[in-house]
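Residue numbers (the numbering used here), protein chains in the order written: chain H, 1 to 171; chain E, 1001 to 1118; chain R, 2001 to 2411.
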């Protein structure tokens, strides 16, 4: 008795989805600020909250937009656009502040909107282009625009926060 | 209460809230000798932002004598609980002027150390 | 004289013949007698027979003869005087006849027999003289009068001609007037017609304006209702906006909650995976809600703009309709004025039309009358020409009469 193509296909079908387990992947917290689509390892992001009005601080670098109080904690607010030299962020009603920690140093970065948590195949992550700009030193890699969405620059958030801290203090 | 016994600090601190431009700053009320109308000896602190008119002045003592800092308006003295006071977060600013923040208000208020304005 | 002479000659001859034939006393005496007789017969009435030379019977005969000659001589003398007076009378008559001289008549005469005749003639001539004098005077007066008549007639003729010309002119003018008044009547008729049409149009306009004002009032009323509706709609939209804001707020909070929950789940590793999936799903829902509320907000904004525009339009419409009503009222007033004016114009034009028609009739009558007058004047001119001719003739006749009468000398 001959089997139909469907019956043949069903015999070959797996018992469960094996995509996630079979191939290594990493979770990123993705957001948009200005024209940039950025992603940071999700474990470096503690929390996301709405930006209220910030309190500017005297004599700070331009990328430090000020401080904000959150859950009884004072957080410096950083503008990644200014930090990476890609323009200026604006704080509006829907602006999100994403809290990141690098050791004891905790700070928030401004995001126009949060794209969400994305699991990205390690194989999809391309190394940062050589001889890039100032942003390049903080890049983990890039995801090319394709079937899974637009291109995203993946940042080393911990390193970035450390650099910011150093710049703020050292200058 | 426990704070007083443990840290030997007062439960509240009197903070004088003043306005400079759109911003609100807090100073240690005990450091302010008096509040006066701005005179020829008054100076403005650019780091605090642009003044609207600067008609008021805070008179206080510094190492080099009496100083008069121009402000736009004086909101008054607020007894801020210790729990609401925060040290300046590490590396937020390298300015010695801003010594801390008060979370007693709607948003954090930068606390200025008046003797260091000179 | 020749008539007179034979009769006394023959009579004495026959007498002397009969006398001389009978006696013949002596030859010498007789001879003397014969000689005397022959001298007398020859015409010498002064011849006498010498009585002294004779004697007897011859002396007697001589005496008788002398007496006879004397008597004859007397008779001849008387006869000569009479003849002379007659001659004179005849001369006078000749002069009267030939020269019309009535002045040369003499009534004085020695002849008793002739005197009554001369007197009779004299009386007649005197009468004639009186006549001539009177006629002369009359002729003079006639001549003067004829001259006056001629002058008057000439003047009359001139004035008659002038009058004719004037009448002609007047007739022409009247003719023109007739045409003009006909034109006026026509124009007035046209004006009246136009005025009538205008009247109709203005009445229609009045009606239209009335409707316009009503429509404006209706629009204003409607506009008020629309404005009310807009205000209500606006309030409701604001309410929706508030609700949407609440929904938005909730959705935003949900979004953040879900996001943080996902982060929490992520930190929990494999254990938090399911949690993360739910959180992501929740976040997706929140995003959907936010998208929807965004749309709603956009709609609300649009509605707000539209209602604001509508409210503005309603306000503008209200203002416009109010000014429209005012304008309508003004227009109505103006049209009333126009109606009154046009009515007056129409009436006036009709009156003018009527008057000019009457005038035309009158003018025609005048023209007719003028034609008659012209005719009469022409006749008058003709007559006055004839009259002038007659006067000329009369003057000539008077002249001739005076001339004729001048031939008679009355004084």
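Glycine residues also receive a C-beta, built at the ideal position from the N, C-alpha and C atoms.
Keep in mind it's a predicted model, so treat the numbers as computed, not measured.
Hey, is the region 2381 to 2400 of chain R in contact with the region 2188 to 2207 of chain R, meaning 3+ C-beta pairs nearer than 8 angstroms? no
Smallest Cα separation from residue 2168 of chain R: which of R/2386, R/2215, R/2369, R/2285? R/2369
Residues of the region 2262 to 2273 of chain R in Cβ contact with chain H at a cutoff of 8 angstroms, in chain order, please. 2262, 2263, 2266, 2267
Give me the chain H residues within the contact set of residue 2298 of chain R, using Cβ-Cβ distance strictly less than 9 angstroms, ordered along the chain. Within 9 angstroms Cβ-Cβ: nothing; residue 2298 of chain R doesn't reach chain H, min ~15 angstroms.
Quick test of your reading: residue 1037 of chain E and residue 1059 of chain E, contact by CB under 8 angstroms. State the CB separation rounded to the nearest angstrom. Residue 1037 of chain E to residue 1059 of chain E, Cβ: 11 angstroms. No contact.
Reference residue 1061 of chain E; option with closest CA among E/1072, E/1011, E/1028, E/1079: E/1028
Would you say residue 2078 of chain R touches the ligand ADP, meaning its beta carbon is less than 7 angstroms from a heavy atom? In the structure shown, the ligand ADP is absent, as is every other ligand, since no ligand is present at all.
Rounded to whole angstroms, what's the CA-CA distance from residue 2036 of chain R to residue 2049 of chain R? Just pull it up for me. 5 angstroms
Output, in chain order, the set of chain H residues within a Cβ distance shorter than 9 angstroms of residue 1095 of chain E. 57, 58, 59, 60
Chain R contacts made by the region 36 to 50 of chain H, where a contact means CB separation under 8 angstroms: 42, 43, 45, 46, 47, 48, 49, 50
Check whether the Cβ of residue 1089 of chain E lies closer than 8 angstroms to any Cβ atom in chain H. yes
Pairs of beta-carbons, one from the region 1099 to 1111 of chain E and one from the region 1077 to 1090 of chain E, closer than 8 angstroms: are there three or more? yes
Classification of residue 116 of chain H by the beta-carbon crowding that lies within 10 angstroms, buried from 16 upward: buried
Cβ closer than 8 angstroms: which chain H residues qualify as neighbours of residue 1047 of chain E? 58, 59
Measuring straight from C-alpha to C-alpha, what distance separates residue 2407 of chain R and residue 2038 of chain R? 52 angstroms
Cα-Cα separation between residue 2234 of chain R and residue 1107 of chain E, rounded to whole angstroms: 35 angstroms
Based on the DSSP secondary-structure assignment, which residues constitute the bridge partners of residue 40 of chain H? H/29
Of the listed residues R/2268, R/2239, R/2287, R/2242, nearest to residue 2257 of chain R (C-alpha basis): R/2287
So, does the region 2243 to 2256 of chain R touch the region 2209 to 2217 of chain R, judging by three or more C-beta pairs under 8 angstroms? no
Please identify the residue among H/94, H/72, H/57 whose C-alpha is closest to the C-alpha of residue 2255 of chain R. H/94
Have a look at residue 2005 of chain R and residue 2062 of chain R and give me their C-alpha separation to the nearest angstrom. Here residue 2005 of chain R scores only 43 on pLDDT, less than 50, and its place in the model should not be relied on; the value that follows carries that caveat. Computed Cα separation, rounded: 24 angstroms.
Run the CB neighbour count on residue 145 of chain H, radius 10 Å, all protein chains shown included, and call it buried at 16 or more, exposed below. exposed
Interface partners of residue 2260 of chain R on chain H, CB under 7 angstroms: 47, 48
Do you know whose CA, among R/2329, R/2334, R/2229, R/2319, lies nearest residue 2306 of chain R's CA? R/2229
Determine the DSSP secondary structure at residue 86 of chain H, reduced to helix, strand or coil. coil
Taking the beta strand (DSSP E) that residue 47 of chain H falls in, what are its first and last residues? 45 to 50
Beta-carbon within less than 6 angstroms of residue 2352 of chain R's beta-carbon, same chain only, minus the 5 sequence neighbours each way: which residues are those? 2188
Alpha carbon to alpha carbon, how far is residue 2137 of chain R from residue 2143 of chain R? Give it in angstroms, no decimals. 10 angstroms
Using the beta-carbon of each residue, which ones in chain H are nearer than 8 angstroms to residue 2280 of chain R? 116, 117
Would the region 2116 to 2130 of chain R count as touching the region 2361 to 2381 of chain R if we require 3 or more Cβ pairs under 8 angstroms? no
So with CB distances below 7 angstroms, who are the chain H contacts of residue 1017 of chain E? Result: empty, since nearest Cβ-Cβ is about 13 angstroms, beyond 7 angstroms.
What are the residues in the region 24 to 35 of chain H lying within 9 angstroms of chain R by C-beta distance? 27, 29
Measuring only the C-alpha atoms, how far is residue 2302 of chain R from residue 2280 of chain R? 32 angstroms
Rounded to a whole number of angstroms, what is the C-alpha to C-alpha distance between residue 2182 of chain R and residue 2348 of chain R? 17 angstroms
Separation of residue 2209 of chain R from residue 2316 of chain R, as counted between CA atoms: 21 angstroms
Report the rounded CA-to-CA distance for residue 2404 of chain R versus residue 2087 of chain R, giving the unit in angstroms. 27 angstroms
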